[in-house]
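Some notes on the structure that comes next.
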Amino acid sequence: MSDTIINDELDSETNLDPEIDILSLYTGEKDVYPQNWDAVNRLGQESDLLAKGVLTSFGVSEILAILSLVNPAIAFVSWALTFAFFSNEYIWRVRRLYVVAKSILDHYGDDNVVLTPRVKTDTAAIDLLVKMPDRRMFALMTRANEDREVIWREDRQEFFIKKNGKHAKRAIALTKAIESLQTVSYLRKIKHPLMGITAAERNAPLIKAIVLAPGARIVAYEDSPLWTEFGGARVLRIQTTSVTYVVECKDLINFLQPIQKNGESTPK
4 MSDTIINDEL DSETNLDPEI DILSLYTGEK DVYPQNWDAV NRLGQESDLL
54 AKGVLTSFGV SEILAILSLV NPAIAFVSWA LTFAFFSNEY IWRVRRLYVV
104 AKSILDHYGD DNVVLTPRVK TDTAAIDLLV KMPDRRMFAL MTRANEDREV
154 IWREDRQEFF IKKNGKHAKR AIALTKAIES LQTVSYLRKI KHPLMGITAA
204 ERNAPLIKAI VLAPGARIVA YEDSPLWTEF GGARVLRIQT TSVTYVVECK
254 DLINFLQPIQ KNGESTPK
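Under our numbering, the residues of the sequence shown are numbered 4 to 271, in order.
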């Protein structure tokens, strides 16, 4: 938006290494991912334990001891988790992912979708893969904290974030999410089972989107050409090397709805 005050100050959201990932350690086996309610329940457990560590005097060692009861393999990787437990952004990231994943399963049910959190690609990790009954695959990244206003600057190909009416700050983590989403093509390239067993499944439409946390909202002119209708939602359509959508959390379920015949065609 041209009348928005912008500067190059960075938003306070930390740019965490996506490989610092507690949930992926639960299985103790590379490239094996919990799915649906199994995954969501583990996310909820992780979120609760992290919050308990912040709100009480629990330290890293105590929380790791509890997690080790769930999976002894965690005891061998405690060094990789120390930073995560002390990061407020990591706590928010786990909570955001839990809320988004749970809302999808609550609406569609365990038998109608296949939901896989934190899928590693060659250079990044996708927060959530969602396979719909019509075979469409959604690659989702959950970003931005509550009460943020999210701005996309087309001229700079960057996201900016405002809070409490203050000047907008560069949101590197949000912009980087677009780059991370591009890496999902690697899973197709290596014919990863999560992308489907048959060629038809692997070539099904793949939609990439950034889902904002509850309370965060998109700021753009009503007549901005970036707005588009997708599924049953009004979302922001960003064109970089491919198409990425930006979706407010309240519109996510409608966004996932099947495309109507007269609606926007699904990109591959």
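For glycine and all other residues, C-beta sits at the position ideal for the given N, C-alpha and C.
Please classify residue i: is it buried, with 16 or more other beta-carbons within 10 angstroms of its beta-carbon, or exposed?
i, result
"Tyr224", "exposed"
"Ile107", "buried"
"Leu118", "buried"
"Ile193", "exposed"
"Pro279", "With the chain running from 4 to 271 in the structure shown, residue 279 is simply not present."
"Ala54", "exposed"
"Arg159", "exposed"
"Val122", "buried"
To the nearest angstrom, how far is the alpha carbon of residue i from that of residue j?
i, j, result
"Arg98", "Thr231", "28 Å"
"Asp114", "Gly168", "43 Å"
"Asp226", "Leu52", "44 Å"
"Gly47", "Glu149", "18 Å"
"Ile221", "Glu251", "7 Å"
"Phe233", "Ser245", "16 Å"
"Leu143", "Asp130", "6 Å"
"Arg237", "Thr247", "14 Å"
"Arg191", "Pro208", "12 Å"
"Glu204", "Pro196", "10 Å"
"Trp155", "Lys253", "19 Å"
"Ile241", "Arg139", "19 Å"
"Arg45", "Tyr111", "19 Å"
"Val249", "Leu239", "5 Å"
"Thr7", "Val187", "Residue placement at Thr7 is poorly supported in this model, since its pLDDT is 42, which falls under 50; the coordinates still yield a value, given next. Taking the straight line from one Cα to the other gives about 33 Å."
"Ala171", "Glu157", "15 Å"
"Thr243", "Glu92", "27 Å"
"Leu229", "Arg151", "19 Å"
"Val35", "Lys166", "38 Å"
If you reduce the DSSP assignment to three classes, tell me which class residue i lands in.
i, result
"Lys253", "helix"
"Ile181", "helix"
"Glu225", "coil"
"Gln48", "helix"
"Tyr101", "helix"
"Ala171", "strand"
Can you find the residues in the same chain that come closer than 8 Å, C-beta to C-beta, to residue i, ignoring five residues on each side of it along the sequence?
i, result
"Ser50", "Ile94, Val97, Arg98 and Tyr101"
"Val116", "Asn39, Ile107, Leu108, Val133, Lys134, Met135 and Pro136"
"Leu255", "Val103, Ser106, Ile107, Val214 and Ala236"
Which residues in the same chain have their Cβ closer than 6 Å to the Cβ of residue i, if we skip the five residues on either side of it in sequence?
i, result
"Phe141", "Val133 and Ile210"
"Asp41", "none"
"Thr145", "Arg99, Leu100, Val103, Asp130 and Val214"
"Lys273", "Because the chain spans 4 through 271 in this model, residue 273 falls outside it and cannot be assessed."
"Tyr189", "Thr124 and Asp125"
Give me, in chain order, the residues of the same chain whose beta-carbon lies closer than 7 Å to that of residue i; leave out the 5 immediate sequence neighbours on both sides.
i, result
"Ala147", "Val153, Ile164, Leu177, Leu215, Ala216 and Ala219"
"Gly235", "Asn257 and Gln260"
Any heavy atom of the ligand MN inside 7 Å of the beta-carbon of residue i?
i, result
"Phe233", "This structure lacks the ligand MN, and indeed carries no ligand of any kind."
Check your understanding: Taking one C-beta from the region 119-127 and one from the region 176-189 each time, how about it: are there three or more such pairs within less than 8 Å?
Key -> Contact holds: three or more Cβ-Cβ distances are below 8 Å.
Review point. Can we say the region 212-220 touches the region 194-202, given the rule of at least three CB pairs closer than 8 Å?
Key: The region 212-220 vs the region 194-202: no contact.
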